[in-house]
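In our numbering, the protein residues as written are 1379 to 1915. Built from N, CA and C at the ideal position, the CB exists for glycine as well. Reading through the C-alpha cells given below for one structure.
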Ligand SMILES: Nc1ncnc2c1ncn2[C@@H]1O[C@H](COP(=O)(O)OP(=O)(O)O)[C@@H](O)[C@H]1O
Ligand SMILES: [Mg+2]
Ligand SMILES: [Zn+2]
C-alpha cells in the first residue's frame, strides 16, 4: 500500500475538522446555512494553516445537495469530485504559475457558462498576490459585475501585496497561526488513529518546530515516523528534528574540557552533517557550561532537570574542569556569541571558538603553573638570602646563566628568560607560542633547550614537523642571540620532576631536571614536602 502523507490524508473534509480557525469556519458555515454567500473571499495567512482546506470545504458545502446545510456530505458525486480535484465546476488555479493576463482572460471566458452539475462555479486562486497587474485588472472587471453563479476564493500568504481595488471587493478572512496546544491535540488525535506511539513531550517538540503550521507539524510527524517506525522515542525526535540532543552537547563540553581540538572539529562536522542550527547548538553549549557550573555550586538546584545518568555525567565533567575554568569557558562563550550571530561563516567561527575553548584549559593550567613557579621562585629567592650567607657568593657565580629562571628575578627584569622568549614567539606566531606554552620547559642552557611535550595530541605532535622545528631554532637564535639545540623529552619522562626528592636533598635530586638541580646546587637548597604537593596539581 502506498503511504499517503499525513497532510493529505488528514485534510479537513468538513468545517468542524478545521483546527484553530473557529472564527472563520463558524461564520462561513452560517453563511452557507443562511444562503448569504459573498461573490469573493480572500483568505490570508501563513502556509499550512487551512486556507485551501477551508476553500474546498466551502466549495463542497455550497454545491452539496444531500448533506445538512453547511456540512458537505462528502459522499455525493459533487463532493467526491471536488475532493479528488476533478470537478468541472470547481477550479483551483495556482496564481504563482498562472500569473498573466492570458490565464485571466481564459477564466473570464469560462465563467460565462453555467455550472455543469452544482449550483456554483467556484474559482480558488492560490497565491493570488503573484498575479501580474494586467491580470489583476482583468480580474477586477469580473469582480465588478460577477455572474451570480460564480464564486471566487483567493488565498494568499501576503494579503498586503493584493491591490486594494481587489481587496475592497472581497470578504476578507485572516487565518491565524495555530496555537501549539491545538497542534499537539491534533497530532495526538492523528497518532491515536494511525497507531503511532509517541509521547506528549515528543509531540510538543514537533509542535514547537512547526511554528503554528498544521501542515508542517504533520510533515514533521511523517519524517519522524518514516525514520523510526510507529514507536517513537523522544531522543529520536530530537535527532531527526535537529534539536540538539543532550549527548552531542555533553560530548562537545567534554571535548572542550579535555582540550581535544580534533574532537571539537569532529563535533562541528557532525553538527553540519545533521543539519543542526549552529546558533541553536551554541546556545545549548552555553546552557551546558552553565549547568556544569551550577552542578558544582548547587547540585540540588531546581533548574538542573535531567535524568540521573545525565546528572552523573554532568557532575563528572564539572569536577574535571573545576569551577574557575568553567567560568572562563562561559565568559568566552558569552564574549564570542555576537561573532556567531553576525558572521556569514558560522561553521568557521564555531570551529574557531571551540578550538579556543579547548585550548583555554591548557593555557590556564600553564598560567596556573607559572603562578606556582613564581611562588616557588619567590620562596627560593627568599631562601637564597639565607643560603647565600652560608654558602658564599663564590658558589653562586659558578653557574652563571645555566638556567634562566634566576635571571628572571627582580634584578634583571628586562631579560625574562623563557617567558620573555615566549612573548617574543607570540609576536611572530601566536599558535606557535600557544603550543610552546602547552609544552613544558625542562631545561634552558646556553646552547640547549629541553622541552617536554604538551599533553594534547595537536600540540604534542607540533614539532614533529621539521619545518616547525627549524623555525623554533631560528626564534631561539634571534632571541637569545646564539645557536641553540632543541631537545624534546617525552611527556611521561618529564612527569616526575618534582617527585619525592624529599629530605635526602641533593643526592636524591639527581633525577630532577637541570634547572631545579641548578637551583638546589646554587642555593644548597632542599625541596620541602609541601612544595611538591602543591606543585603537582
Ligand atoms: N486548521 C487546520 N486544521 C486541520 N488541519 C490543517 C489545518 N491547516 C492545515 N491543515 C493540514 O495541512 C494540510 C494543508 O493545509 P492547507 O489547507 O493546504 O493550508 P494552506 O492552504 O493554508 O497552506 C491539510 O491537508 C491538513 O492536513
Ligand atoms: Mg494552500
Ligand atoms: Zn455532498
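Annotation: the continuous alpha helix (DSSP H) that includes residue 1563 extends over 1558-1572. Excluding residues up to 5 positions away in sequence, 1409, 1440, 1529 lie with their Cβ nearer than 7 Å to the Cβ of residue 1415 in the same chain. For residue 1534, no alpha helix (DSSP H) run applies; the uninterrupted beta strand (DSSP E) run containing it begins and ends at 1528-1534, by DSSP. By the criterion of a C-beta distance shorter than 7 Å, residue 1459 is surrounded in its chain by 1465, once the five residues flanking it on both sides are discounted.
By the CB criterion at 8 Å, residue 1619 and residue 1585 fall outside the cutoff. For the options 1396, 1391, 1399, the alpha carbon positioned closest to that of residue 1445 is the one of 1391. Residue burial annotation: residue 1609 is exposed, with fewer than 16 other C-beta atoms found within 10 angstroms of its C-beta. Annotated three-state conformation of residue 1733 is helix, per DSSP.
In the structure shown, residue 1845 adopts helical secondary structure according to DSSP, grouped into three states. Judged by the Cβ position, residue 1431 qualifies as a neighbour of ligand 1 at the 7 Å threshold, a heavy atom of the ligand being closer than this. Per the DSSP secondary-structure output, residue 1470 pairs in a beta bridge with 1502. Here residue 1596 is buried. Its C-beta has 16 or more other C-beta atoms within 10 Å. Check the Cα spacing between residue 1535 and each of 1752, 1867, 1552: the tightest is with 1552. Less than 8 Å divides the Cβ of residue 1478 from the Cβ of residue 1513.
In the DSSP assignment, the residues bridged to residue 1864 are 1827. With a beta-carbon spacing of about 6 Å, residue 1556 and residue 1397 fall inside the 8 Å limit used to define contacts. Fully enclosed alpha helix (DSSP H) runs of no fewer than 4 residues occupy 1578-1588, 1592-1606 of the segment 1571-1616, in order along the chain. Judged by DSSP secondary structure, residue 1660 falls outside any beta strand (DSSP E) and instead within the alpha helix (DSSP H) spanning 1656-1675.
For residue 1680, there is no enclosing alpha helix (DSSP H), since its DSSP letter is neither H nor E.
Fewer than three Cβ pairs drawn from the segment 1698-1718 and the segment 1679-1689 lie within less than 8 Å of each other, which leaves the two stretches out of contact. In this chain, residue 1418 is not harboured by any alpha helix (DSSP H); it is covered by the beta strand (DSSP E) spanning 1418-1422.
Counting along the chain, no alpha helix (DSSP H) covers residue 1550; the unbroken beta strand (DSSP E) around it starts and ends at 1549-1552. The DSSP-derived three-state label of residue 1496 is coil.
Here the distance from the Cβ of residue 1504 to the nearest heavy atom of ligand 2 is below 7 Å.
The beta-bridge partner set that DSSP reports for residue 1428 is empty. 8 Å or more divides the Cβ of residue 1421 from the Cβ of residue 1406.
If you check the CB distance, residue 1489 and residue 1499 come in under 8 Å. A distance below 8 Å separates the beta carbons of residue 1580 and residue 1615. Out of 1839, 1825, 1754, the CA that lies nearest to the CA of residue 1861 is found in 1825.
For residue 1413, there is no enclosing alpha helix (DSSP H), as DSSP marks it with neither H nor E. Between residue 1795 and residue 1813, the C-beta spacing is not below 8 Å.
About 50 Å separates the beta carbons of residue 1554 and residue 1739, which is beyond the 8 Å limit, so they are not a contact pair. For the pair residue 1691 and residue 1628, the CB atoms are nearer than the 8 Å cut-off. The secondary-structure analysis by DSSP pairs residue 1818 across a beta bridge with 1830. Distances between the C-beta of residue 1515 and the heavy atoms of ligand 3 are all 7 Å or more. Per DSSP, reduced to three states, the secondary structure at residue 1434 is helical.
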